[in-house]
Amino acid sequence: MIVPTMRARQVSVVVLGLLSAWVSIDGAAQEAPAEISVDAQRLLEHIDTGDPSLRRRAFLQLEALREPATASVIRRYLADRRVELRILSVRALAAIEGVKAVPELLERVQRDRSPAVRLHAILALEPFVAQEASTVPVLIKALRDRQPDVRIAAIDVVSRIDHSEARDALKVRWERERHRDVRRVLESAMQRIGEP
981 MIVPTMRARQ
991 VSVVVLGLLS
1001 AWVSIDGAAQ
1011 EAPAEISVDA
1021 QRLLEHIDTG
1031 DPSLRRRAFL
1041 QLEALREPAT
1051 ASVIRRYLAD
1061 RRVELRILSV
1071 RALAAIEGVK
1081 AVPELLERVQ
1091 RDRSPAVRLH
1101 AILALEPFVA
1111 QEASTVPVLI
1121 KALRDRQPDV
1131 RIAAIDVVSR
1141 IDHSEARDAL
1151 KVRWERERHR
1161 DVRRVLESAM
1171 QRIGEP
């Protein structure tokens, strides 16, 4: 007769507890939490290395894998002190979660200290504008960002929105903009929307 050790009993209790948590009171099986694949786990470990090239490749590969279970780990990097990690996490979340990432992307556009992060969040929002109306007012407000590069990204995205509010905002920006590079982009945008 095999007598289970104390450790084996503890493991059994934990496993039974987890299994019972997945079964509701009426006995119907509930969805188990998503697992992170071995490949994704390896990539997530590369994020915290000191090698920026390895970190960048890890984020790009996580984007390509599009495993929803990795989003909660990636989301933590949105508030990281390192700008590069915030940019990479914005891109990865948009790719992995799609429209579900919109609230975090909007938050980055409105509140991130780094112009580069705001710019990348604006670009990441572009595919979701048609699905998520809450993006339009934030993108229009970004037309007035302090940084020219952020305004340029906002102009590019807003000029592709088929909405009178977007067109009106571009006209106002055209009248007020003084930065030469931004005006060049605005000129192209005005032509795109059919304004002289």
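To convert, take the position in the sequence shown, counting from 1, and add 980; that gives the working numbering. The beta carbon of each residue, even a glycine, is placed where N, CA and C say it ideally should be.
If you check the CB distance, I1027 and R1037 do not come in under 8 Å. Cα atoms of D1148 and R1172: separation of roughly 14 Å, rounded to the nearest angstrom. The C-beta distance from F1108 to V1082 rounds to 5 Å, short enough to fall under 8 Å.
Around the CB of H1100, 16 or more other CB atoms lie within 10 Å, so the residue is classed as buried. Counting along the chain, the unbroken alpha helix (DSSP H) around H1026 starts and ends at V1018 to I1027. Listed in chain order, the non-local C-beta contacts of A1096 below 7 Å within the same chain comprise V1063 and I1067, local neighbours out to five positions each way being set aside. Within the model, the alpha-carbon separation for G1174 versus L1024 is close to 46 Å. Where I1132 is concerned, the enclosing alpha helix (DSSP H) starts and stops at P1128 to V1138. In this structure S1139 is not in contact with A1104, their Cβ atoms being roughly 17 Å apart against a cut-off of 8 Å.
Contact between I1102 and L1073 does not hold, since the beta-carbon distance rounds to 14 Å and is not under 8 Å. Per DSSP, the unbroken alpha helix (DSSP H) holding R1091 starts and ends at V1082 to R1091.
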